[in-house]
């Protein structure tokens, strides 16, 4: 996501803001669900 806004990488391409917003939501949701799963499953291992 960071690379989509770097001029050195994408040149003149303009990444739509709505894609950035939805991408950030997906990243946050995935991180939350990952941490939640780890906190629920790690105690079952021991």
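Numbering (this note's numbering), first residue to last: 12 to 57. Note that the Cβ used here is the ideal one computed from N, Cα and C, for glycine as well.
Chain-order list of residues whose beta-carbon lies under 8 Å from that of residue i (same chain, five-residue window excluded)
i, result
"residue 31", "12, 15 and 16"
"residue 35", "12"
"residue 26", "15 and 16"
Neighbourhood of residue i by C-beta distance below 7 Å, restricted to the same chain and skipping five residues each side
i, result
"residue 7", "This structure leaves residue 7 out entirely; the chain is present only between 12 and 57."
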